[in-house]
Structures are given as C-alpha cells and as structure tokens.
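The structure appears right after this line, and notes come after that.
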Amino acid sequence: MTHPDGWTTVVDLIERVVGDDELLPSVVAGVRTTVREVSALPTSDIAGHTRALLVAATRALAARRGPTEAELSFVADLGVTRARQGVPIESVLGAIHFAERAIWARARELARDQGVSAEQLLDVRDLYDDWAEAVRARLISAHRATGATTDPLPGRRDTALLRRLLQGGSAATLAAAEAGLPVTDGLWVLVARPGETAAGIERAVREHPPVLCATVDDLMVGVLTRAPSARLKGTGAVAGLAGPAEPEKLAPVQRLATAALTAAESTGRTGLIHIADVAWLAALTERADLATVLLDRYAPAWATLGPTAESVAHAVLAWLESDRDVDLAGARLFVHPNTVRNRVRRFAAVTGIDPAGTFGAMTAWWLCRTWLHDAT
Numbered sequence: 001m002t003h004p005d006g007w008t009t010v011v012d013l014i015e016r017v018v019g020d021d022e023l024l025p026s027v028v029a030g031v032r033t034t035v036r037e038v039s040a041l042p043t044s045d046i047a048g049h050t051r052a053l054l055v056a057a058t059r060a061l062a063a064r065r066g067p068t069e070a071e072l073s074f075v076a077d078l079g080v081t082r083a084r085q086g087v088p089i090e091s092v093l094g095a096i097h098f099a100e101r102a103i104w105a106r107a108r109e110l111a112r113d114q115g116v117s118a119e120q121l122l123d124v125r126d127l128y129d130d131w132a133e134a135v136r137a138r139l140i141s142a143h144r145a146t147g148a149t150t151d152p153l154p155g156r157r158d159t160a161l162l163r164r165l166l167q168g169g170s171a172a173t174l175a176a177a178e179a180g181l182p183v184t185d186g187l188w189v190l191v192a193r194p195g196e197t198a199a200g201i202e203r204a205v206r207e208h209p210p211v212l213c214a215t216v217d218d219l220m221v222g223v224l225t226r227a228p229s230a231r232l233k234g235t236g237a238v239a240g241l242a243g244p245a246e247p248e249k250l251a252p253v254q255r256l257a258t259a260a261l262t263a264a265e266s267t268g269r270t271g272l273i274h275i276a277d278v279a280w281l282a283a284l285t286e287r288a289d290l291a292t293v294l295l296d297r298y299a300p301a302w303a304t305l306g307p308t309a310e311s312v313a314h315a316v317l318a319w320l321e322s323d324r325d326v327d328l329a330g331a332r333l334f335v336h337p338n339t340v341r342n343r344v345r346r347f348a349a350v351t352g353i354d355p356a357g358t359f360g361a362m363t364a365w366w367l368c369r370t371w372l373h374d375a376t
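The sequence shown maps to residues 1 to 376 in full-length UniProt numbering.
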C-alpha cells in the first residue's frame with residue numbers, strides 16, 4: 001500500500017518495531033518487575049494482551065485513524081478481565097504506560113535508520129496519543145463498571161478475598177498477594193461449621209498469622225501459610241484440613257478439606273482432621289449415588305432384620321470403629337460384648353457381607369452408616 005507525503009517510511013518503522021522479536025518479551029518482563037499488582041499474572045496473559053494492543057495501535061497508525069469499535073470492545077474486555085482479577089485500574093494503566101515508553105524508545109532508536117524525521121515521529125506520536133486516549137477512556141469505564149459490582153462491602157474484605165482465592169487461576173494468585181499470604185511453601189485450607197466451636201478454631205488459627213478467615217457459603221474457611229497446630233484435640237471442635245497447594249489450586253483443596261470435615265463428623269472424630277487421614281472414608285461419604293445403590297441392593301436385608309435393624313447397624317459400626325474390639329464396642333453401646341458379637345454375626349448372615357475382611361469391613365461400615373442416616 002502506497003502512502004503520500006512519506007508516510008510509507010513511517011509505516012515501515014512501525015512494522016519493524018512490531019516485528020522486533022526481542023521487544024515483546026522485554027516489555028512483559030519490565031511490566032512484571034515494575035508493576036507489582038500484575039506481577040502475579042501469567043506471562044502469557046500479559047504478553048497476549050500487550051501483543052493485541054500493539055497490533056491494534058499499529059493498524060490505526062498505518063491508516064491514520066482512531067480506534068474502531070471492535071478495538072474498543074477488546075479494550076473493554078481487558079478492563080473487565082483485570083477488574084475481575086482484582087487488578088486496580090491504576091496498575092492496569094501503569095502497565096500500559098510502561099509498555100508505551102519501551103515501545104516508543106525502540107521506535108526512536110530505529111527512526112533515523114528508517115529515514116523517519118523527528119517531525120514525522122512527533123506526528124506519529126500525536127496520532128497515537130489520540131488513539132490511546134480513546135482506548136484509556138473505554139478501559140477505565142469498563143473496569144469501573146465491573147468493579148462496582150464486585151467490590152466488597154465495608155467489613156467484608158476477607159470474605160471477598162477468600163472467594164477470589166477459591167476461584168483458582170490468576171485471580172487466586174492476585175488475591176493471595178493482596179492478602180499478604182506468601183506462597184513459597186504452598187497454602188493450607190481449613191474448614192469448620194459455624195458456631196461456638198468454630199469461633200475457638202478461628203482464634204487458634206489466627207495465633208499464627210498471616211491467615212485469612214471468613215464465613216463462605218455457610219462454612220468457616222481459613223487459608224493459612226502453614227499447617228495449623230493440633231491444639232483442637234480435647235475441645236470437642238472438629239475441622240477439615242487439606243494442603244499445601246499453590247493458590248491456583250485452592251478450589252479443589254477446599255473441596256478436599258470439606259470432605260475431611262464431613263468424614264470426621266460421620267465417625268464422631270474431633271480435632272484437626274487432614275484429608276489424608278480419612279481419604280477412604282471421604283471417598284465413601286462423598287458418593288451419594290453409590291450409597292443409594294447400596295441401599296437398594298441390601299433393602300431385603302434391612303427388611304429381614306426388622307425391628308432389630310438399627311441396633312444391628314449400630315453394633316457393626318461400633319465394632320468396626322473400635323478396631324473389632326467387642327469389649328470397647330460394648331462399652332460404647334452400653335451392652336454386653338456377647339451382644340455385639342451376636343449382632344455382628346446376624347448382620348453377616350443376613351447380608352452375606354463378611355465384616356471381618358478388609359473390603360467387607362468397608363462395605364459393612366458404609367452400608368450401616370447409610371442405613372442409619374437414611375432412617376433418621
């Protein structure tokens with residue numbers, strides 16, 4: 001394409017700057033180093049948006065025009081993305097400003113060799129400034145509009161940060177940085193039921209900052225930089241724990257901590273329960289669909305046991321959870337040890353499950369627990 005009054009040389013300069021293989025990596029590295037709030041973003045994220053803005057600006061300068069609506073739509077999407085990631089608009093503009101300075105510095109270096117005069121370079125910069133002003137206006141409006149719907153209410157900053165942490169991805173990394181949570185050795189997630197015991201758990205957890213605690217979706221959730229102490233034992237409190245993991249992976253870690261809490265509650269355990277300590281138990285209690293299959297499969301056995309069904313199920317559970325010690329199980333149920341033996345034998349005869357075997361014990365525990373849960 002031919003341009004009048006020497007504009008062809010200007011376009012050649014722009015294309016040479018854009019085609020510099022070392023420019024974009026250098027700009028991205030500089031942005032990550034200079035603007036702290038975006039340093040946690042993936043390099044590919046920053047590079048992708050920087051490249052897209054650079055290409056859009058190049059096309060506009062080559063055609064001597066302002067931004068098109070398509071370009072402004074892209075800019076608006078960038079504003080929305082950064083707002084949802086929790087990056088302040090000042091930091092977004094700061095990153096763009098740093099990139100602009102680096103790009104124009106490179107353009108000045110190459111201008112003389114390309115035959116572009118200082119006057120032409122000034123004209124190009126004026127044209128770019130007009131384009132950039134419209135771009136910034138759209139970026140700011142989109143960012144502020146998104147931020148107005150996501151900013152936390154006063155007093156709810158921890159809850160908002162926790163929700164962003166548990167989303168995973170770059171949003172979680174930025175939230176961890178904003179909360180002052182170092183992630184060198186990974187983060188831990190603790191989960192407990194709200195109430196008086198949860199208040200005690202939170203106090204114990206907060207003794208070793210930095211830590212982030214808040215109620216999220218009817219659960220007390222804490223994110224910690226190290227495993228909490230086991231001081232909860234003997235207090236009657238129970239909490240599920242999982243980790244450590246990188247911020248980007250905290251969403252599944254929270255699910256594991258919640259599974260640990262549920263498994264602990266189902267067996268009457270108290271204290272701090274790590275998911276690794278109840279892995280098989282959590283796997284069973286999380287599969288409601290398979291529990292339903294068990295109920296259907298052994299419905300005739302439940303009917304055969306009749307009025308004694310619940311007492312038999314309690315005896316099997318107590319026996320298994322007492323490591324098959326009939327004396328302990330009997331004391332737990334306030335019955336004679338022989339009564340426990342008889343009920344366990346009755347269960348095995350009616351169901352065909354051998355609770356003395358490894359896999360039979362797991363099936364028996366799960367079935368009896370499901371029976372009793374379904375009967376309540």
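We treat Cβ as the ideally placed atom computed from N, Cα and C, and that holds for glycine.
Keep in mind that this is a model prediction, so the values were computed, not measured.
Counting along the chain, no beta strand (DSSP E) covers residue 373; the unbroken alpha helix (DSSP H) around it starts and ends at 358-375. In this structure, DSSP gives residue 166 a state outside helix and strand, which the three-state scheme calls coil.
Residue state for residue 353 is assigned as coil, using DSSP reduced to three classes. Considering only 111, 298, 78, 41, the residue with the shortest C-alpha distance to residue 16 is 111. Shown here for residue 34: same chain residues with a beta carbon closer than 7 angstroms to its own, the five before and five after excluded, namely 98 in chain order.
The alpha-carbon of residue 39 is positioned some 19 angstroms away from that of residue 53. For the set 259, 94, 129, 77, the Cα lying nearest the Cα of residue 28 is the one of 94.
DSSP places residue 8 in the uninterrupted alpha helix (DSSP H) bounded by 7-18.
Per the C-alpha coordinates, the member of 103, 251, 71, 264 positioned closest to residue 20 is 103.
A Cβ-Cβ separation of about 13 angstroms leaves residue 182 out of contact with residue 208 under the 8 angstroms criterion. The beta carbon of residue 245 lies closer than 6 angstroms to those of 186, 253 in the same chain, with the five residues before and after it left out.
Annotation: residue 245 is outside any alpha helix (DSSP H); the continuous beta strand (DSSP E) that includes it extends over 238-245. DSSP, reduced to helix, strand and coil, places residue 267 outside both helices and strands of the structure shown, so it counts as coil. Here residue 200 is not bridged, per DSSP, to any residue. Where residue 192 is concerned, there is no enclosing alpha helix (DSSP H), although the beta strand (DSSP E) around it starts and stops at 187-192.
Taking the Cβ atoms as the reference, residue 75 lies roughly 5 angstroms from residue 135, within the contact range of under 8 angstroms. Per DSSP, the continuous alpha helix (DSSP H) segment holding residue 31 begins and ends at 23-34.
Within the stretch 42-89, the runs of alpha helix (DSSP H) at least 4 residues long that lie entirely inside it are, in chain order, 43-62, 69-84. Taking every protein chain shown into account, the CB of residue 143 has 16 or more other CB atoms within 10 angstroms, so this residue is buried.
Taking 8 angstroms as the cut-off, the Cβ atoms of residue 260 and residue 290 do not count as close.
Under the DSSP assignment, residue 183 falls outside any beta strand (DSSP E); it carries neither an H nor an E label.
Residue state for residue 215 is assigned as strand, using DSSP reduced to three classes.
Burial state of residue 247 is buried, judged by a 10 Å Cβ sphere holding 16 or more other Cβ atoms. With three or more CB-CB distances shorter than 8 angstroms, the stretch 160-167 counts as touching the stretch 212-228. When only Cα atoms are considered, residue 61 and residue 115 end up about 17 angstroms apart.
Counting along the chain, residue 115 sits inside no alpha helix (DSSP H), nor does DSSP assign it H or E at all. Inter-residue distance for residue 128 and residue 106 is about 15 angstroms (C-alpha atoms, whole angstroms). In the DSSP assignment, residue 273 forms a beta bridge with 240. With respect to residue 41, residue 79 sits apart: the two C-beta atoms are not nearer than 8 angstroms. 282 is the residue among 267, 268, 282, 269 whose C-alpha sits nearest the C-alpha of residue 257.
If you ignore the 5 residues before and after residue 262, its C-beta comes within less than 8 angstroms of the C-beta of 240, 282, 285, 286, all in its own chain and listed in chain order.
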